[in-house]
Structures are given as structure tokens and as C-alpha cells.
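Asker:
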Amino acid sequence: NGDVSAYTKSKTLAEKAARGFARSHEDVSLTTVNPNVIFGPLHSGKSGTSLRIIESIVQSSYPGFPKISFAPVDVRDVAWMHAEALERDELDGERLMMASTPITMPQIARHLKSNGYKVRTMALPNIVVKMMAIFIKEARLVTRGLGTTNHYDCSNTIEKTGWTSTSQEEMIVSAAKSLGFQ
34 NGDVSAYTKS
44 KTLAEKAARG
54 FARSHEDVSL
64 TTVNPNVIFG
74 PLHSGKSGTS
84 LRIIESIVQS
94 SYPGFPKISF
104 APVDVRDVAW
114 MHAEALERDE
124 LDGERLMMAS
134 TPITMPQIAR
144 HLKSNGYKVR
154 TMALPNIVVK
164 MMAIFIKEAR
174 LVTRGLGTTN
184 HYDCSNTIEK
194 TGWTSTSQEE
204 MIVSAAKSLG
214 FQ
């Protein structure tokens with residue numbers, strides 16, 4: 034399917050394979066924790082793909098940001114969910130989706146700005162991003178997500194675990210601080 038990125042496809046196929054393995058081995062129980070983009074404080078000193086979103090906003094020399102959206106989850110919430118999955122037998126076999134309300138790059142920038150970061154907050158028109166994509170590789174990477182907002186149904190996760198998401202402002206600002214941006 035041309036609408037699905039290679040990354041998304043690989044994650045989906047890996048989960049399907051793991052679920053197939055668990056079904057064919059009675060002694061194996063599998064619970065999957067499926068976070069969307071992960072923000073929050075960095076612990077290893079090396080940022081992954083998700084935190085590059087924060088880095089790109091803080092370090093950007095562009096006048097604004099594309100209107101692409103993410104549904105971030107705090108890394109501490111993800112760690113808590115993994116612990117819940119390990120400790121609670123009633124979660125065996127569950128698929129625990131984790132996502133917050135979708136937020137765009139300009140909205141992320143506004144959270145940073147309101148917390149003292151000197152960042153631009155303008156939303157670039159989609160046509161400008163598409164024109165930039167002709168010359169700038171990073172812009173090409175985001176054109177697929179322009180004008181779309183993905184919503185995720187986390188009702189099963191919330192119902193089964195009682196999870197409430199850390200605020201987006203907290204996860205964004207704590208990510209920026211842990212990356213060394215003050």
C-alpha cells in the first residue's frame with residue numbers, strides 16, 4: 034500500500050509475526066504496547082527518531098514548520114505500561130495502543146516558546162512545504178503527512194489499565210531539557 038510508510042509496514046508485520054508465534058506456542062503469552070511518537074526525558078544520551086522532532090524545532094533556521102501532526106506519548110508512560118503488561122496477567126494477549134491528542138509541529142513549537150525557548154511558531158502553508166521538498170530532503174520526508182491528522186483509539190488501553198497521558202506540554206518541555214536545550 035503506497036499510503037503506508039516502510040517503517041509502519043515493518044512494525045505491523047513484526048507484530049503479526051509475533052502474534053502468530055504466540056498463537057502457535059501455548060506456553061508463550063504476548064502483550065504488545067504500541068506507542069505512537071515517544072517524547073519525554075531522554076535517559077541514554079542518544080536521541081531516537083521521535084526526539085528529532087523536538088531537535089528540529091529548537092535548532093531550525095526555517096521560518097516555520099509544516100502542518101504535520103503527531104500523537105506523542107511520554108516515555109515514562111510507556112515504561113509504566115510495559116511494567117503493567119508484565120505484572121498483570123489479565124493483560125496477556127492485549128494490544129495496548131498509546132497516543133495523545135494529535136498535535137502539529139507549530140503547536141509543539143508554541144509549547145516550547147511559552148516555556149522560554151526562542152523558536153519560530155509559524156505554520157508553513159502546505160504548498161510552500163511541497164515547493165521546499167523539491168530542493169530539501171527533509172521537506173520531502175514530511176510531504177506524505179501534510180493535511181492529515183491521525184486519531185488513535187486508546188479506549189481499550191485506558192479501560193484495561195486506567196492510563197492517563199502525561200500532558201503534552203510536560204513531555205515536550207522535558208524532552209527539550211533532556212536534549213540540553215534550556
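Note that my numbering has the sequence shown beginning at 34, numbered continuously upward.
For glycine and all other residues, C-beta sits at the position ideal for the given N, C-alpha and C.
#1: For N34 and L179, what's the separation of their Cα atoms in angstroms?
#2: Grouping DSSP H, G and I as helix and E and B as strand, with all else coil, what is R121?
#3: Nearest by alpha-carbon distance to S133: which of E203, I160, A172 is it?
#4: Whether or not the stretch 84-99 and the stretch 56-64 are in contact is what I'm after, with contact meaning three or more pairs of Cβ atoms, one per stretch, closer than 8 Å; do they touch?
#5: In the DSSP assignment, find the unbroken beta strand (DSSP E) run with V66 in it and report its ends.
#6: What is the residue span of the beta strand (DSSP E) that A156 lies within?
#7: In three-state terms, what does DSSP make of F54?
#8: Jot down the residue ranges of each uninterrupted alpha helix (DSSP H) in the stretch 177-208, minimum 4 residues, whole runs only, in chain order.
#9: In terms of DSSP beta bridges, what is P99 paired with?
#10: Give the straight-line distance between the Cα atoms of M138 and F54, rounded to the nearest whole angstrom.
#11: Can you check whether the CB of I90 is closer than 9 Å to the CB of F72?
Answerer: Concretely, from the data shown:
#1: Reliability of the predicted coordinates at N34 is poor, the pLDDT of 44 falling under 50, and no value is obtained from them.
#2: coil
#3: E203
#4: no
#5: 65-68
#6: 155-157
#7: helix
#8: 188-194
#9: L157
#10: 38 Å
#11: no
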